[in-house]
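Residue numbers (the working numbering), protein chains in the order written: chain A, 1153 to 1453; chain B, 769 to 1044.
Where is the CB? At the ideal position from N, CA and C, for every residue including glycine.
A short worksheet on the structure shown next.
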Amino acid sequence: MRRFRTHILVFLAPAVIIYTAFMIYPLCDSLWLSLNNKTAFGQIFVGIENYLTLFRLDKWANPFWNALRNNTIFFVIHMVAQNPIGLLLAALLARRVRGSSIYRTIIFTPTILSVVIVGFIWKLILNPAWGISRSLLASIGLAGLDNPWLGLESTALVTLSLISVWQNIGIPMMLFLAALVRIPEDLMEAARVDGASPWTIFWRIQFPLILPTVGVVAVLTFVGNFNAFELIYATQGALAGPNFASDILGTFFFRTFFGYQLQPADPYMGATVAGVMLLIILTGVLIYLFGWQRRLQHIQY
Amino acid sequence: MMKSRFWQTVGTHAALLAYSALALLPVLLIILNSFKDRMTIFSDPFALPTGDTFSLDGYKTLTSTAHFELFFLNSFVVTASSLALILLVSSMAAFALAEYKFKFNLLSSLYLSIGIMVPIRLGTVGILRLMVSFHLVNNLWSLILVYTAQGIPLAVFILTVFMRQVPKDLKDAARIDGASEYRIYWLTLPLVRPALGSVLAISMLPIWNDLWFPLILAPGEATKTLILGAQAFMGEFVNDYGAVLAALTLAILPPVLLYLIFSRQLIRGITAGAVK
């Protein structure tokens, strides 16, 4: 029987205490609040009633389903634009042409900036008052296409999604690049000797070998998108205009628990929105862990 | 055969060059115009500032109306303190998880890794209640503690992987010489310096760039961070292009400098976190 080793406790305690007190406890407290509500007699346990209110009562359900639908569109645009373009850029960088590392550094630059800054940069550029987008489009003969994209209900959400893609593309690019450069050169050289085109080599050799990274990128995109807030808040304000056309779960959560203008703060319903977001994110992560990662074969080079 | 190789290289350069322009030009446009007078910003946004059109009016508005030095200092204090705490407590925990066999080892690592995937933001209602009861609202400590909690999971995960690779012989030799376990932890740290650098680099920017927690926990004038201060300023002066462009330029500089200094560690950190 070994004696109790105090030093293990000393090493673990600070991290576990800070993490528990400021992350796990607040998450549990928030989940508990979502199962309660306040009445004339103080706080009482109401079970899943808040969740039913959120899903069904028009006053809550309309903005909630709107935000969820917008958030889904936001995510889909990232999946079809950000990740394939990120993969394409990584595949080009992996060819190791001269200056690759300079290209990589430049393309990653928007990713390191604050979302608030990126939002404002594009807000200025797309603002008809400055006219940058109009003169650029005019120079390629497409002046007729110019619109106040952030100000129209029909285009605001797609425009914001593309701004977010512009900023975040560096992350899939880096991850795909790291996976691509680990593939042994011999494999590709052998295919090249057999006369395979770069296109064939990419789809037959490189892509199957980076499938694990495809999964990582997808789940990171999912978690990041369903947790997004800053871009919409910085460019469109907490009301996620025009007329809530760009409202996503993050902005809806903010207005609900913090209150905004005429809407009073409601910690119980706020915690409920956070509970739904947690459920969505956990579902995504679990699908990834059990549906995707487990089926992959581990390859040793 | 040689010829098609050549054209492939040309095509690669063309595509990368085009995307680099798309990534960089919007940022350059902002910086460029922040040094021009109001007339030229609108009449000729793509021109470089010349002797006639050079102007620092935007920066003057900025310094006369907002306390950007204070906001910068707040951001610096919060980021530096959180990073120091993250590195210290995470390396200690990672050392324990990598070095010792004990009953709750696996359970502790699993518990600590929940936070890698679950965003801390979803506990905001609870965090705000906690900070109100500790009287830490509008106090920089609220941000430091939250960012430390947010940084711990990934830091412990990455550091544990690297601490496991430190050879056992070294540590056992030190033990034979009578070193305490605390001393051995201290001797291990320099051996995982690259990993500490990566953790530093990937934890830094999310803290510096965050808007959510400063907005909710520390919105007071005295505790605003640079990003919150810039956001409030730009919202208020939205029609004064010179001032907004100046604020944007000042806010772009710190992360770009940090990026240039730490890019190697950052790239290694991003891939270490996701691949392992």
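Environment of residue i [buried if 16+ CB atoms lie within 10 Å]
i       : result
B/Q1033 : buried
A/V1369 : buried
B/G1037 : buried
B/K804  : buried
A/M1153 : Residue placement at A/M1153 cannot be trusted, given a pLDDT of 43 that sits under 50; what the coordinates show is reported in the next sentence. Exposed, by the Cβ-count rule.
A/S1291 : exposed
A/E1382 : buried
B/S788  : buried
B/E1048 : Examination of residue 1048 of chain B is not possible in this model, given that chain B is present from 769 through 1044 alone.
B/V914  : buried
B/Y827  : buried
B/D1008 : buried
A/L1245 : buried
B/Y1027 : buried
A/L1161 : exposed
A/E1341 : exposed
B/D978  : buried
A/L1295 : Sequence inspection shows Ala at residue 1295 of chain A; the Leu mentioned does not correspond to that position. So A/A1295 counts as exposed.
A/L1327 : buried
A/Y1255 : buried
A/Q1234 : buried
B/G883  : buried
B/K1044 : Per-residue confidence for B/K1044 stands at a pLDDT of 49, beneath the threshold of 50, marking its modelled position as unreliable; the derived number appears in the next sentence. B/K1044 is exposed by the Cβ-count criterion.
Start and end residues, beta strand (DSSP E) containing residue i
i       : result
A/Q1195 : G1194 to F1197
Start and end residues, alpha helix (DSSP H) containing residue i
i       : result
A/K1275 : V1267 to L1278
A/T1365 : L1363 to N1377
A/T1191 : Segment N1188 to T1191 is the beta strand (DSSP E) holding A/T1191; no alpha helix (DSSP H) there.
A/T1311 : A1308 to N1320
B/W976  : R961 to N977
A/P1394 : From DSSP, A/P1394 is part of no alpha helix (DSSP H); its letter is neither H nor E.
B/K804  : No alpha helix (DSSP H) contains B/K804, which DSSP labels as neither H nor E.
A/A1343 : E1337 to V1345
Cβ separation of residue i and residue j, assumed to be a contact under 8 Å, to the nearest whole Å
i       : j       : result
A/A1417 : A/I1400 : Not confirmed; about 19 Å, so no contact.
A/A1167 : B/I1035 : Between B/I1035 and A/A1167 the Cβ distance is about 26 Å, and since that is not below 8 Å, they are no contact.
B/L898  : B/V967  : Rounded, the Cβ-Cβ distance is 26 Å, inconsistent with contact.
A/V1375 : A/G1436 : 7 Å
B/A942  : B/S858  : Rounded, the Cβ-Cβ distance is 22 Å, inconsistent with contact.
A/T1261 : B/L1025 : A/T1261 to B/L1025, Cβ: 12 Å. No contact.
B/Q999  : A/V1268 : 5 Å
B/L896  : A/M1429 : That belief does not hold up - the Cβ atoms of B/L896 and A/M1429 are roughly 16 Å apart, past 8 Å.
A/I1264 : A/M1325 : Contact doesn't hold; Cβ gap of about 13 Å is too wide.
B/L830  : B/A986  : B/L830 to B/A986, Cβ: 21 Å. No contact.
A/W1212 : A/L1220 : Rounded, the Cβ-Cβ distance is 12 Å, inconsistent with contact.
Under 7 Å by beta carbon: chain C residues contacting residue i
i      : result
B/A917 : Absence of chain C from the displayed structure is noted, the protein chains being A and B.
Cβ-Cβ distance between residue i and residue j below 8 Å
i       : j       : result
A/I1357 : A/L1339 : yes
A/H1230 : A/S1306 : no
B/T892  : A/A1426 : yes
B/V846  : B/I975  : yes
A/I1273 : B/L1016 : yes
B/T1039 : A/A1330 : yes
A/L1144 : A/L1297 : The requested residue 1144 of chain A does not occur in the structure, where chain A is confined to residues 1153 to 1453.
A/G1238 : A/I1321 : yes
A/T1387 : A/L1312 : yes
A/Q1195 : A/N1202 : no
B/I912  : B/S971  : no
B/G988  : B/F836  : no
B/D820  : B/R806  : no
B/P813  : A/W1282 : yes
A/L1302 : A/A1308 : yes
A/N1223 : A/F1378 : yes
B/A861  : A/F1163 : yes
B/V960  : B/L927  : yes
A/F1354 : A/N1218 : no
A/A1390 : A/Y1412 : yes
B/A763  : B/F1001 : This structure cannot settle anything about residue 763 of chain B, because the visible part of chain B is limited to 769 through 1044.
B/G894  : A/S1182 : yes
Contact test: residue i Cβ vs the ligand FMN heavy atom, cutoff 7 Å
i      : result
B/A789 : Absence of the ligand FMN from the depicted structure is noted, as is the absence of any ligand whatsoever, leaving it without description.
Within the stretch 1167-1241 of chain A, ranges of the alpha helix (DSSP H) (whole runs, at least 4 residues): 1177-1185, 1201-1208 and 1210-1229
Quick one: complete alpha helix (DSSP H) runs, 4+ long, within the stretch 849-921 of chain B? Listed in chain order, the complete alpha helix (DSSP H) runs (minimum 4 residues) inside the stretch 849-921 of chain B are 873-885 and 892-901.
Suppose only complete runs of 4+ residues qualify. What are the alpha helix (DSSP H) ranges in the stretch 982-1025 of chain B, listed by chain order? 994-1004
Those runs of the beta strand (DSSP E) which lie wholly inside the stretch 1393-1449 of chain A and span at least 3 residues: none
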